[in-house]
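Residue numbers (the working numbering), protein chains in the order written: chain A, 1 to 593; chain B, 1001 to 1593.
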């Protein structure tokens, strides 16, 4: 057997080499981080300039995308920060070896050429990716190593605070007034959009023989159905758009991320080889979808309620640092716990955020309230900006995107048809019972506000092992860029054009609360019993909401917050021994919060 | 030539495999994160309980270490979350290949056993570490993969906010009153401690023939000289210890991290093969040390001042979200920029923090002040807790620590001798001019407060390629655990025992400001001209501080903040055109801030 190790031409020391390599990698890491952070600074400054001079045709996310594109272009065409790497082909030294799967680690033995008596050194290599042998050039891999970062960072670090913040800063009153319509959009709408996109694309790609499986296109349909709340939120807030429309659009885009991710996972884990539709399997998938969604919802809510109980029953509010830390940690746990038990963290963290705002917020010290609000606001702003910038960069730099213009063209058509196909009929249906009706111009605006953003990109970027998935990833990126720039940029104009009430056209007491934190807080701790300004209690409308409202006011709020009436007032006498335990001194004293 | 690819025994799809592998890794990642976050929750809750019941013998960091040890023990002995990984030996397919260094990536070709006509798949492997062939067992590597995370995360993500917060929340008045003594401790003290530890250990290990190079021991001396501010800070704050002692101990431990890191890097990059001391090289190293330290200091301060100018000259304070984001981003840039230009980020971020507190803080909106304070407080608390927990876990789990009890024993002796050797003579020297003198019992307390923490661990953990470095890493961990538990736990007792004034024994106006943020803020925006309570202006003492004070009051403050007098008042007439540009409307109006 031949000497099975790599020979090195120059004398060297392992210690020295490790030091040098660690330093080179560190410099590269910091350089990449510095680039992104510097871009974020430029973004913040330009965002301020635009706000200051009331320039409204490009918004933060659009701006961020453009900067990202510019940077990606520079990296690609000026070879900035190219990491000089070497790759060699290897084979197992044990030629009879047979494994079930590719190994996770390789060990490579190295010796200096001249000194065969020198101590040999082993190097440990970790599997990073697999690809079909002829599909990729070496150069591309070289560049990719500099800027690609693991999708794990998206899902575990960047997305949770964004989604949590959506739940935590939800304007409760307007949201709950439109809860029925929002849920219809979220569940029916997203599913229809996913199916229509998938089927349309399947027909189109079959005609042109582009070789996509139906299941792949359905996955694309699911992930591209996640609309993005960021840009629309900023435009609508700034123009102070009529609050019902605001609630519909924002509610839909905040919640359908969760539906899209569960849908994508469900379809993705569906048997990979099927092109015939098996009704049983379909039913199973639907049930699985419902199970995952509602279990995640429940889990997130339970974690939120647990935090509320904990802050109520302990005096941790005396130590605002500990209280704030606990709040942040528990909110993050809701996400991680759901992921570990194979549910969907995004759904859990969203509903955890809603519960934290509804219950825990009332128990916290004045200081922690302000801190947590601002903390998540800043973190989610920075995460969003980072993701949008990264999307822009990835257009030029990522090695896992493959452009296919016909497919992109078909996809653009399909997603807008799919969106129109569910918005108009659904609005017509909802208008049968809903008061006030959703006017025609509102419906147009809802269709127009179907921007795609971070979640769609994250889902597409997660798995790009095959060529088709790489096409899907590139298409998603293009759609995000185009909708954010085009629809985002024209939102102002569209609002004017469609004659949608905004700003001073809306009677004052009916208008959207301003976004300064004082106003938000006031709204949040306001008792829910306040009748809405239109004079009717929205909860009177339907049976289920009314039931929930009573349950919330008589059981959940007394149990989880310091609000009065306490459990001692609302529960039957035989439960009093237990009820007493959950009644705080402040509730005993009878003072309202 | 033989068929040079790996054979797989079962049919499989690349797409499917990538999906499965990504999922498995994701579950592992979230599980590890969940474990750490859950432990942090338990830590916060126990910390609250201890505070609530005034139990003082174990402090947060000690507690966190103990939890970390417990978790590490569980992971090790119950094999929790063991990642089933496979490793195979490989050799280059090109047998004549010769390289200068081990390759960064390996490509492994894979085919199914039966179907030689199937499309072949390549897998890409990345270099993670090197080790001498016979030094490590396979099992240890398996376990290590689950919990070890890259030192990059320590240095780029976890440490900067901790150090920034130390600078940002520094009690300026007490700090500057003792600046001379603190700097003496930091520069002379740390250097002496490093040399004494290194020489003592060199003598001891030579006697017992343990085979350490002098340079390795000097590196150890440097990294172990970084004392930890966390535990002492919490004990001293809680007991409201006499403020001069507080400033001395806290100032030393906050600043000597920076010196230790520069010292370690300087010695580490010193020629690797020398055991004879070359005077020229030594001088070069000393000059390099000074260059790196002061350039970093300057760079951090410049970034801080730039932020101040920016917040002063723009109206970004109207948008508190953007303002806060900008503040956070700039603070982080000071760190990254220093690292990229090969200076020391920790020094830069520390002095950036001090500048931000001294200048920028005054320009910000009320809301941003509170937010940034709380933000860094929370982030640094969580980062610290995480690091201490991780140190505990690493004792049982890390594959890069090698225990050597005699060395540990010698090291324990050496570090305390080294600390005593510089504290007592230095205090005697300082007492020649210093008023009030540093009393004998204060000197004992300073020696006793030499706890080791996060920075020492991070430096030791960074490079563990050789066996000696692994011994040093294990020894550092042991020293951190012992000093935090023993010295940290007995600090209260020691303060009583030595008869150091604390709590109500100190006249009220002379006592430490309470740590609620309102108090802190008031202190921070207080004009520096206030004479200290002892009736003498501390700046009268020496020539250099007085010069700096004048420069600060007449140029820096008017330039960088809205404080009065403005540049128009303090600068000579010929500079007025420029001075006017840097004078804000608020300064024009003549109102004090």
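Yeah, the Cβ is synthetic: ideal placement off N, Cα and C, and Gly gets one too.
Annotation for residue 87 of chain A: the continuous beta strand (DSSP E) segment containing it runs 87-92.
In the three-state DSSP reduction, residue 1128 of chain B falls in the strand class (E or B).
Distances from the CA of residue 1468 of chain B to each of B:1106, B:1184, B:1216 and B:1044 were compared; the closest alpha carbon is that of B:1216. Against chain A, the CB of residue 1038 of chain B has a partner CB under 8 angstroms away; the residue lies at that interface. In the three-state reduction of the DSSP assignment, residue 1582 of chain B falls in the coil class, being assigned neither a helical nor a strand state. One alpha carbon belongs to residue 358 of chain A, the other to residue 295 of chain A, and they sit about 20 angstroms apart. Residue 361 of chain A is positioned such that its CB atom lies no closer than 8 angstroms to that of residue 349 of chain A. Straight-line measurement puts the Cα of residue 1453 of chain B at about 24 angstroms from the Cα of residue 1498 of chain B. The Cβ of residue 1314 of chain B sits closer than 8 angstroms to at least one Cβ of chain A. Residue 1258 of chain B counts as buried, since at least 16 other C-beta atoms from the protein chains shown sit within 10 angstroms of its C-beta. For residue 1450 of chain B, same chain residues with a beta-carbon under 8 angstroms away, outside a window of 5 residues either side, are 1227, 1415, 1416, 1419, 1483 and 1487 in chain order.
Cβ proximity to chain A below 8 angstroms picks out 1370, 1371, 1374, 1375, 1377, 1378 and 1381 from the segment 1368-1381 of chain B. Among the residues of chain A, those whose CB is under 7 angstroms from the CB of residue 1463 of chain B are 18, 19 and 22, following chain order.
Unbroken beta strand (DSSP E) runs of no fewer than 3 residues, entirely contained in the segment 159-247 of chain A, are not found.
Here residue 1242 of chain B really is in contact with residue 1500 of chain B; their C-beta atoms are around 6 angstroms apart, less than 8 angstroms. Cα atoms of residue 369 of chain A and residue 1188 of chain B: separation of roughly 45 angstroms, rounded to the nearest angstrom.
By the beta-carbon neighbour count (other beta carbons within 10 angstroms, threshold 16), residue 403 of chain A is exposed. Distance from the CA atom of residue 93 of chain A to the CA atom of residue 1321 of chain B, rounded to whole angstroms, is 58 angstroms.
Taking a beta-carbon distance threshold of 8 angstroms, residue 1217 of chain B does not count as an interface residue toward chain A. Within chain A, the C-beta atoms nearer than 7 angstroms to that of residue 1051 of chain B come from 319, in chain order.
In this model, residue 1570 of chain B and residue 1549 of chain B are separated by some 14 angstroms (Cα to Cα). According to DSSP, residue pairing for residue 100 of chain A in a beta bridge does not occur.
When the alpha-carbon of residue 1026 of chain B is set against those of A:316, A:376, A:575 and A:156, the nearest one is in A:156. Comparing alpha-carbon positions, the option among A:364, A:356 and A:345 lying closest to residue 315 of chain A turns out to be A:364. Between the alpha carbons of residue 495 of chain A and residue 44 of chain A lies a gap of roughly 26 angstroms. Counting only the Cα atoms, residue 1170 of chain B lies some 40 angstroms from residue 70 of chain A. Annotated as distal: residue 430 of chain A and residue 225 of chain A, with beta-carbon spacing of 8 angstroms or more. Within the segment 572-588 of chain A, not one residue has a Cβ closer than 7 angstroms to any Cβ of chain B. 8 angstroms or more divides the Cβ of residue 461 of chain A from the Cβ of residue 1107 of chain B. For residue 1108 of chain B, the pairing in a beta bridge is given by DSSP as A:90 and B:1123. Rounded to whole angstroms, the separation of the alpha carbons of residue 1352 of chain B and residue 1302 of chain B is 8 angstroms. By the neighbour-count criterion, in which a residue is buried when 16 or more other Cβ atoms sit within 10 angstroms of its Cβ, residue 95 of chain A is exposed.
Take the alpha-carbon of residue 54 of chain A and the one of residue 46 of chain A: they are about 12 angstroms apart. Only residues of its own chain outside the window of five on either side were considered, and among them 568 have a CB closer than 7 angstroms to the CB of residue 576 of chain A, listed in chain order. For residue 280 of chain A, the number of other beta carbons within 10 angstroms of its own is below 16, and it is reported as exposed. Take residue 1163 of chain B, set aside five residues on each side of it, and the residues of its chain with a beta-carbon closer than 7 angstroms to its own are 1257, 1346, 1349 and 1350, in chain order.
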